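Residue numbers (this note's numbering): 670 to 1155.
C-beta atoms are modelled at their ideal positions from N, C-alpha and C, and glycine is treated no differently.
None of these values were measured; they are calculated from a predicted model.
Report on the structure given below.
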Ligand code: ADP
Ligand code: GLC
């Protein structure tokens, strides 16, 4: 199949969170399966230069509503997928800055224009290359105009034959702009209606994309169920119930070339479930890195996340003092986001030297060391469409403690005290209290039931989270979308 991905992030080139990992590793896997995969994404100022990148087209004329813009298009492969093609859109005004969605002082005021440009450029690029995909796969609101182009402005030409698949990674972000900004898309004005791009008088990009896509996916079966309810639907649950027959949840995989403790070059020592010495050594190095007490008998509880409401780490900040007072443990936190929460964690580390390590910022290498060196991994998410870190954690023998929501339910198996089965610890209630007790349960397992702790670790490390199965499911979704399109 000829597959066009349109994505605002593609790891390893650009990444804010799991969307970048997913778009990069799914594209790689599909390409290795023999599909002709091409990815369109912006060339942000933060994308590292590369000797392999070459100019594919200059200029690409992009037809926005009532005006034209020009881009230089660069081409490069996804590492590990020699047949894949990533097309980077270079446009100084839209993408020359380093940040993807938000600048240091809040959202980019021109996000509507920037990402309208991305979707439109993907269409114009296909025409310029005379390369017409069978399927266009869009990721979240930033590429949600593409399905509508296929149904309207492109319907009568070769590009309009393509089916579209819209993947929801996170319903919280919908791309909501003023109604006036819809004109820039160049889409027919009558698409701005309740059964389309209009919501409460505004232009809602994601909503229109969900109306127009041939098929819709989200990143776990459980989140696919949840988003049809008002609790998780972020105002679009009615639409998602309406399209329920076209909506399916496909669990994300992980890139096992990047996240594998046996081969991970970012670790001071590698290990496997049969040879765990390396994990102990990584723990030592992690303790040294954060100036924690060098004691291998104390369990380390870690978190790595964007520090926003979704991730529930404010609950951890609420209970941290109590945990440190009542339990023998160490805490390690890596993240950036909400500045008030960043400061709470900075203070916690300052008050508890030797017990709490905090790094505010984004650090890929450190995230690998933490996954390897920690004993438990905390994901108390309020909602979690899929979540990747719990899977990385299990692969690294670090037991996840997660709230029972979204993809966390589909990936973590609850610990059974009487049998030692399971791969982690789940709790239901969205509260600091519930998190406190889950941590207490995990901590007592570590100290009082070491055989159970060891078997949980073995179970977790033997699970297969590779992309193989999920990529095959996407193949089926694409076929399903194509027959719907026909
Ligand atoms: P989300 O996409 O909602 O942020 P995921 O669990 O799907 O959640 O993916 C998050 C990804 O971003 C993981 O690969 C995680 O390691 C990475 N990540 C998040 N924050 C940081 C950070 N501060 N430093 C390094 N990696 C981070
Ligand atoms: C989103 C979600 C996360 C998911 C990721 C990749 O950012 O918040 O749960 O794992 O997308 O699909």
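Open item on the list: Tell me which residue opens and which closes the beta strand (DSSP E) that residue 753 is part of.
Closed with: 750-759
Task: Sufficient close CB pairs (3 or more, under 8 Å) joining the segment 973-986 to the segment 940-951 - done: no
TODO: Quick one: residues in its chain with C-beta nearer than 7 Å to the C-beta of residue 631, no 5 flanking neighbours on either side, listed in chain order?
DONE: Residue numbering for the chain in the displayed model covers 670 to 1155; residue 631 lies beyond these limits and cannot be assessed.
TODO: Starting from residue 715, follow its DSSP beta bridges and name the residues at the other end.
DONE: Partner(s): none; residue 715 has no beta bridge.
Task: Delimiting residues of the alpha helix (DSSP H) encompassing residue 997 - done: Unbroken run through residue 997: none, as it is neither H nor E.
TODO: Indicate the three-state DSSP secondary structure (helix, strand or coil) for residue 1072 in the structure shown.
DONE: strand
Task: Among 717, 959 and 1016, nearest to residue 987 - alpha-carbon criterion - done: 1016
Task: Alpha-carbon to alpha-carbon, residue 962 and residue 956 - done: 7 Å
Open item on the list: Taking the alpha carbon of residue 1127 as the reference point, which residue from 737, 1063, 965 and 744 has its own alpha carbon closest?
Closed with: 1063
Open item on the list: I need the boundaries of the beta strand (DSSP E) containing residue 804, first residue and last residue.
Closed with: 804-808
Task: Reduced DSSP secondary structure (H/G/I, E/B, other) of residue 1110 - done: helix
Task: C-beta contact flag for residue 1075 and residue 900 at 8 Å - done: no
Open item on the list: Within a Cβ cutoff of 7 Å, which residues of the same chain sit near residue 765, ignoring the five residues on either side of it in sequence?
Closed with: 714
Task: Boundaries of the alpha helix (DSSP H) in which residue 891 is found, first to last residue - done: 890-895
- [ ] Could you please give me the residues that DSSP links to residue 738 through a beta bridge?
- [x] 731
Task: Pick from 998, 730 and 717 that is closest to residue 797, judged by C-alpha positions - done: 730
- [ ] Please list, in chain order, all residues with a C-beta atom less than 7 Å from at least one heavy atom of ligand 2.
- [x] 686, 687, 688, 690, 691, 838, 839, 888, 921, 979, 1053, 1054, 1055, 1056, 1057, 1075 and 1076
Task: Cβ separation of residue 1010 and residue 1048, assumed to be a contact under 8 Å, to the nearest whole Å - done: Not confirmed; about 15 Å, so no contact.
Task: Residues sharing a beta bridge with residue 1090, DSSP - done: 1085
Open item on the list: Can you tell me where the beta strand (DSSP E) holding residue 980 begins and where it ends?
Closed with: First-last for residue 980: undefined, no H or E at that position.
TODO: Could you say which of 928, 694, 746 and 705 lies nearest to residue 721 if we only look at CA atoms?
DONE: 746
Open item on the list: Once the 5 residues before and after residue 969 are set aside, which same chain residues still bring their CB inside 8 Å of it?
Closed with: 952, 955, 956, 961, 998, 999, 1000, 1001, 1042, 1043, 1044 and 1045
Task: Buried versus exposed, by CB contacts within 10 Å (16 or more), residue 1080 - done: buried
- [ ] Consult DSSP for residue 916 and reduce its assignment to one of helix, strand or coil.
- [x] strand
Task: Where the beta strand (DSSP E) through residue 674 begins and ends - done: 671-675
Task: Reduced DSSP secondary structure (H/G/I, E/B, other) of residue 911 - done: helix
TODO: Going by CA-CA distance only, name the one from 697, 832, 880 and 786 that's closest to residue 739.
DONE: 786
Task: Given residue 754 as reference, the closest of 760, 780, 784 and 699 once Cα atoms are compared - done: 699
Task: residue 878 (DSSP reduced to helix, strand or coil) - done: helix
- [ ] Enumerate in chain order the residues of its own chain whose CB-to-CB distance from residue 697 is below 7 Å, with the five nearest sequence positions on each side excluded.
- [x] 747, 749, 750 and 753
TODO: Could you say which of 790, 701, 733 and 737 lies nearest to residue 711 if we only look at CA atoms?
DONE: 790
Open item on the list: Does the beta-carbon of residue 973, which I'm using as the reference point, lie nearer than 7 Å to any heavy atom of ligand 1?
Closed with: yes
Task: Status (buried if at least 16 other CB within 10 Å, exposed otherwise) for residue 1052 - done: buried
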